[in-house]
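>
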Amino acid sequence: MSILLRFSVLSMIFLSVGLLSGCGKSMSKLLKNPDAAYKLRMAEQFFAKKSYTKAQQVYEDIMPFYKTSKEFEDIYYKYAYCAYNLYDFMNAENLFKSYLEIFPTSTRAEEIDYMRAYCFYKQSPKAALDQTNTVKAMGMMQTFINTHPGSPRNKEASEIIDQCRAKLEAKEFMSAQLYYDLGQFRAAGVAFTSLLNAFPESVRADEYKLMAIRSYFQYAEMSIEEKRVERFEQVVNECYEFTDRYPESKLRKDVETILNNSQNNIKTLKNEQVKTAS
Numbered sequence: 001m002s003i004l005l006r007f008s009v010l011s012m013i014f015l016s017v018g019l020l021s022g023c024g025k026s027m028s029k030l031l032k033n034p035d036a037a038y039k040l041r042m043a044e045q046f047f048a049k050k051s052y053t054k055a056q057q058v059y060e061d062i063m064p065f066y067k068t069s070k071e072f073e074d075i076y077y078k079y080a081y082c083a084y085n086l087y088d089f090m091n092a093e094n095l096f097k098s099y100l101e102i103f104p105t106s107t108r109a110e111e112i113d114y115m116r117a118y119c120f121y122k123q124s125p126k127a128a129l130d131q132t133n134t135v136k137a138m139g140m141m142q143t144f145i146n147t148h149p150g151s152p153r154n155k156e157a158s159e160i161i162d163q164c165r166a167k168l169e170a171k172e173f174m175s176a177q178l179y180y181d182l183g184q185f186r187a188a189g190v191a192f193t194s195l196l197n198a199f200p201e202s203v204r205a206d207e208y209k210l211m212a213i214r215s216y217f218q219y220a221e222m223s224i225e226e227k228r229v230e231r232f233e234q235v236v237n238e239c240y241e242f243t244d245r246y247p248e249s250k251l252r253k254d255v256e257t258i259l260n261n262s263q264n265n266i267k268t269l270k271n272e273q274v275k276t277a278s
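Position 69, counted from 1, in the sequence shown is what the working numbering calls 69; the numbers after and before it change by one each time, with no gaps.
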């Protein structure tokens, strides 16, 4: 690196450090200012410029001064949104909840009620992870729809519920598929059946039923001799249930193949039992 380039880089570093230091001193000076009205004006400017970290600091500082004033509701409203806009959704949800408790008759109550539910949605992780917040988001959105039947936000709330259900379905599918891939076929059969019962209207419902049948077939094949007939008979019943339930399914041929194999296995096993008895 040339001396000139090195000097330029060092100059930029010192300038950045200087600006940060100056900014810190400026905020410290502002927070120490005894004029609450001035600090409120500054907080409003920070908020308008989307400098949410600074706005949050100042709002928090002046709230005790305005707690009994008419400005307090607006301060608290923007303070909650600072947390939201800083992606601190857990804190934002708590603040939205507190807002509703402090200002239950506010004209913003519907908006805040929705935003509280939306914070749970924003905390919903990818399907492979724990879905506690996804379930909460669904419940909160449904409660919002029930509480505000005429709200224009209900369409989006319904869409979010559908998205959350799809994520829960994906998680249950991954769990069931993992059992199958690990060769735990009885557990896989139970899991796919549970998945189908939880999401009977899913576009993949026939696929889930087929996977349950495949799982029970594999389980029957691996069973001890005296249990195999009984378990293949269960597979046969599952196959008949599939054809009754999904007569137009593209997967029907796969099910018919498993049905024929199961019936042939039952016939062979019963013949062997007769020979042994003789």
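Heads up, the beta-carbon is just placed ideally off N, CA and C, and yes, glycines get one too.
(1) Please classify E201: does DSSP put it in a helix, a strand, or coil?
(2) Relative to the C-alpha of N94, which residue among Y79, T105 and R108 is closest?
(3) One question on the structure: do Y208 and L196 come within less than 8 Å of each other, judged by their Cβ atoms?
(4) Measuring CB to CB, does A92 end up less than 8 Å from I62?
(5) For F242 versus Q218, is the C-beta spacing smaller than 8 Å?
(6) If you check the beta carbons only, do V235 and Y216 fall under 8 Å apart?
(7) How big is the Cα-Cα spacing for I224 and M174?
(8) Nearest by alpha-carbon distance to E221: which of I258, L86, Y59 and D74 is it?
(9) Counting only the same chain and skipping the five closest in sequence on each side, list residues whose C-beta sits under 7 Å from that of I213.
(10) Start and end of the alpha helix (DSSP H) containing T68?
(11) In angstroms, rounded to a whole number, what distance separates the CA positions of K270 and R245?
(12) Quick check: what's the CA-CA separation for Q263 versus M211?
(13) Can you tell me whether T107 is helix, strand or coil according to DSSP?
(14) Classify I224 as helix, strand or coil using the three-state DSSP reduction.
Let's see:
(1) Position 201 of the sequence shown, counted from the first residue, corresponds to residue 201. Residue state, collapsed to three classes: coil.
(2) Taking the sequence shown and counting its residues from 1, the one referred to as residue 94 is at position 94. Per the Cα distances, Y79.
(3) The residue given as residue 208 occupies position 208 in the sequence shown. The residue given as residue 196 occupies position 196 in the sequence shown. Yes, the pair counts as a contact, with Cβ atoms nearer than the cut-off.
(4) For the purposes of this step, residue 92 is taken as residue 92 along the sequence shown, with counting starting at 1. For the purposes of this step, residue 62 is taken as residue 62 along the sequence shown, with counting starting at 1. The answer is no: Cβ separation not under 8 Å.
(5) The residue labelled residue 242 in the question sits at position 242 within the sequence shown. The residue labelled residue 218 in the question sits at position 218 within the sequence shown. Going by C-beta atoms, F242 is not nearer than 8 Å to Q218.
(6) Start at 1 with the first residue of the sequence shown, and residue 235 comes out as number 235. Start at 1 with the first residue of the sequence shown, and residue 216 comes out as number 216. Yes, Cβ-Cβ distance for V235 and Y216 is below 8 Å.
(7) Translated into the one-based positions of the sequence shown, residue 224 becomes position 224. Translated into the one-based positions of the sequence shown, residue 174 becomes position 174. Taking the straight line joining both Cα atoms gives about 29 Å.
(8) Along the sequence shown, read from residue 1 onward, the residue named residue 221 stands at position 221. E221 has its Cα closest to that of I258, out of I258, L86, Y59 and D74.
(9) The residue given as residue 213 occupies position 213 in the sequence shown. So the qualifying residues of the chain are V235, E238, C239, F242, V255 and I258.
(10) The sequence position of residue 68 within the sequence shown is 68, counting from 1. Segment: none, T68 is in no alpha helix (DSSP H) and carries neither H nor E.
(11) Position 270 of the sequence shown, counted from the start, is the residue given in the question as residue 270. Position 245 of the sequence shown, counted from the start, is the residue given in the question as residue 245. Their Cα atoms are separated by approximately 29 Å.
(12) Within the sequence shown, residue 263 is the residue found at index 263, counting from 1. Within the sequence shown, residue 211 is the residue found at index 211, counting from 1. Rounded to the nearest angstrom, the two C-alpha atoms are 18 Å apart.
(13) Along the sequence shown, one-based indexing puts residue 107 at 107. It is coil, neither helix nor strand.
(14) In the sequence shown, counting from the first residue as 1, residue 224 sits at position 224. Looking at I224 - three-state DSSP - the assignment turns out to be coil, as it is neither helix nor strand.
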